[in-house]
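Below is one structure, written out as structure tokens; comments come after it.
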Amino acid sequence: MNANNTLDLTPHFALDGDQPFKDRRAMMPFRGAIPVAKEQLAQTWQEMINQTASPRKRLVYLHIPFCATHCTFCGFYQNRFDEDACAHYTDALIREIEMEADSVLHQSAPIHAVYFGGGTPSALSAHDLARIITTLREKLPLAPDCEITIEGRVLNFDAERIDGCLDAGANRFSIGIQSFNSKIRKKMARTSDGPTAIAFMESLVKRDRAAVVCDLLFGLPGQDAQTWGEDLAIARDIGLDGVDLYALNVLPNTPLGKAVENGRTTVPSPAERRDLYLQGCDFMDEAGWRCISNSHWGRTTRERNLYNLLIKQGADCLAFGSGAGGSINGYSWMNERNLQTWHESVAAGKKPLMMIMRNAERNAQWRHTLQSGVETARVPLDELTPHAEKLAPLLAQWHQKGLSRDASTCLRLTNEGRFWASNILQSLNELIQVLNAPASVREKP
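One rule links them: number in this note's numbering = place in the sequence shown (from 1) + 349.
Following this line, the structure appears as structure tokens:
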């Protein structure tokens with residue numbers, strides 16, 4: 350609020366010209382949270398797991414921190430794949446699950462989606478993948494229609510591993526293809542060429558035993574509208590149940606980030622990435638796929654994308670594995686990323702916690718409603734703040750710049766607005782926090 354007790358909206362206005370924002374902004378996951386002192390981690394965790402579940406939906410996330418290769422763009426690489434290390438990790442991961450599976454928290458409500466992320470979960474052996482899935486089904490209260498997703502890549506994801514997952518109960522595969530173009534794949538240090546990736550996806554679809562989706566990236570080095578269009582057409586023709594279209598995020602400490610910084614390669618500008626996104630939206634719409642979220646499209650009724658939608662809605666998430674992050678009843682936590690430290694904690698019968706953060710707000714549900722609304726391009730602002738009318742000048746300006754369908758307080762994003770969703774989310778998050786503050790704080794000069 351300024352000295353006249355009016356809300357200054359101008360810093361959040363879209364820019365003039367072809368590009369409404371200078372660049373895409375990102376929200377920090379633990380913003381506004383209060384860290385729990387290290388000496389209080391164990392006690393706080395015991396208090397957390399002795400609470401009953403909240404009325405929210407519940408998820409499970411498992412982190413598999415191994416990769417056979419380090420893709421140039423990836424910021425999630427932790428440990429190089431080793432068969433013996435993976436088997437040892439599986440033993441410890443199962444122990445971590447079993448240690449607290451009987452707790453009040455873990456047993457008090459059904460789990461609606463499970464996600465194996467990484468890293469590369471498909472790097473584990475068929476036997477180890479099946480062991481983990483079976484443990485989850487036996488020890489935790491998975492809902493009858495629970496979505497169980499295995500994230501993977503083409504390399505080493507053979508028939509034995511795939512069938513091991515399916516036979517154990519997995520019902521969704523998410524494959525990180527990124528591009529079917531052989532030249533682009535080689536630049537990203539993907540070991541399989543385009544035809545091999547296509548053949549793999551076709552064989553996975555042909556099994557017809559689970560939902561099959563793939564990730565495609567736009568904004569890659571050497572990518573243009575033509576190569577992007579070819580990737581989209583291949584994804585359409587394979588018979589997938591769903592597809593993710595993600596913008597490349599150039600991270601500074603990755604091989605790609607260093608190459609861009611040193612001038613050894615270039616990537617498309619934000620405006621060029623925006624154009625590729627709009628191309629993807631139009632392509633999927635013309636192909637008859639339904640838009641489930643800003644980055645995800647479904648073709649069949651089998652595809653729900655449940656984990657990703659529920660996590661944006663603020664669902665509670667139980668997390669297991671080195672580097673896994675979870676959230677329950679107003680607390681968020683991160684497990685130890687250092688593999689040795691994680692192993693030592695599990696071997697000692699302790700939850701391998703690196704940190705716990707406590708939400709500073711008593712009622713933060715409006716943030717989840719905002720986040721999920723932006724993700725699905727419809728934000729009922731009147732439900733988030735009783736002062737939504739104060740945002741009218743901003744909503745009108747965003748509509749004028751083509752970011753929304755109209756200027757009403759039920760914000761409905763256009764495809765242009767969807768591309769800049771992170772900017773819109775951050776602006777609304779900041780403004781609604783001010784509007785919802787106590788009057789004595791809001792009106793302070």
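Think of the CB as a built atom: it goes at the ideal place given N, C-alpha and C, for glycine as much as any other residue.
Burial state of residue i, where buried means 16 or more other Cβ atoms lie within 10 Å
i           : result
residue 692 : buried
residue 536 : buried
residue 501 : buried
residue 601 : exposed
residue 665 : buried
residue 463 : buried
residue 359 : exposed
residue 439 : buried
residue 365 : exposed
residue 523 : buried
residue 384 : exposed
residue 525 : buried
residue 532 : exposed
residue 534 : buried
residue 727 : exposed
residue 552 : exposed
residue 477 : buried
residue 615 : exposed
residue 399 : exposed
residue 510 : buried
residue 339 : The requested residue 339 does not occur in the structure, where the chain is confined to residues 350 to 794.
residue 429 : exposed
residue 309 : There is simply no residue 309 to check, as the chain begins at 350 and stops at 794 in what is shown.
DSSP beta-bridge partners of residue i
i           : result
residue 668 : 410
residue 771 : None; residue 771 has no bridge partner.
residue 640 : 646
residue 707 : 383 and 680
residue 460 : 491
residue 429 : 416
residue 497 : 463
residue 702 : 684
residue 674 : 683
Cα-Cα separation, residue i to residue j
i           : j           : result
residue 764 : residue 747 : 13 Å
residue 768 : residue 425 : 23 Å
residue 423 : residue 599 : 9 Å
residue 357 : residue 751 : 21 Å
residue 479 : residue 559 : 15 Å
residue 573 : residue 649 : 28 Å
residue 494 : residue 362 : 43 Å
residue 576 : residue 624 : 13 Å
residue 470 : residue 749 : 45 Å
residue 733 : residue 717 : 10 Å
residue 351 : residue 773 : At residue 351 the pLDDT is 49, less than 50, meaning the model places this residue with poor confidence and gives no usable figure here.
residue 472 : residue 721 : 32 Å
residue 546 : residue 530 : 9 Å
residue 670 : residue 744 : 43 Å
residue 780 : residue 370 : 17 Å
residue 667 : residue 642 : 23 Å
residue 482 : residue 519 : 7 Å
residue 554 : residue 540 : 21 Å
residue 372 : residue 611 : 20 Å
residue 468 : residue 414 : 4 Å
residue 707 : residue 739 : 30 Å
residue 466 : residue 701 : 18 Å
residue 485 : residue 742 : 50 Å
residue 561 : residue 436 : 26 Å
residue 556 : residue 499 : 15 Å
residue 682 : residue 783 : 27 Å
Anticipated Cβ contact below 8 Å, residue i with residue j, distance rounded
i           : j           : result
residue 651 : residue 590 : 5 Å
residue 565 : residue 527 : 6 Å
residue 597 : residue 627 : No, residue 597 and residue 627 are not in contact; Cβ-Cβ is about 16 Å, not under 8 Å.
residue 460 : residue 407 : 5 Å
residue 629 : residue 594 : 5 Å
residue 771 : residue 760 : Not a contact, Cβ separation roughly 15 Å.
residue 488 : residue 450 : 4 Å
residue 714 : residue 637 : Not quite, the Cβ-Cβ distance comes to about 35 Å (not below 8 Å), so this is no contact.
residue 724 : residue 661 : 5 Å
residue 397 : residue 677 : 6 Å
> Mind pulling the alpha helix (DSSP H) runs of 4 or more residues that sit fully within the region 499 to 530?
Replying inline: 508 to 517
>> I'd like the ranges of any alpha helix (DSSP H) spanning at least 4 consecutive residues and lying wholly in the region 724 to 774.
In response: 741 to 749 and 764 to 768
> Fully enclosed by the region 535 to 597, which alpha helix (DSSP H) runs are 4 residues long or longer?
Replying inline: 543 to 556 and 574 to 587
>> Just to confirm the assignment: which complete alpha helix (DSSP H) runs, minimum length 4, are found wholly within the region 597 to 631?
In response: 604 to 610
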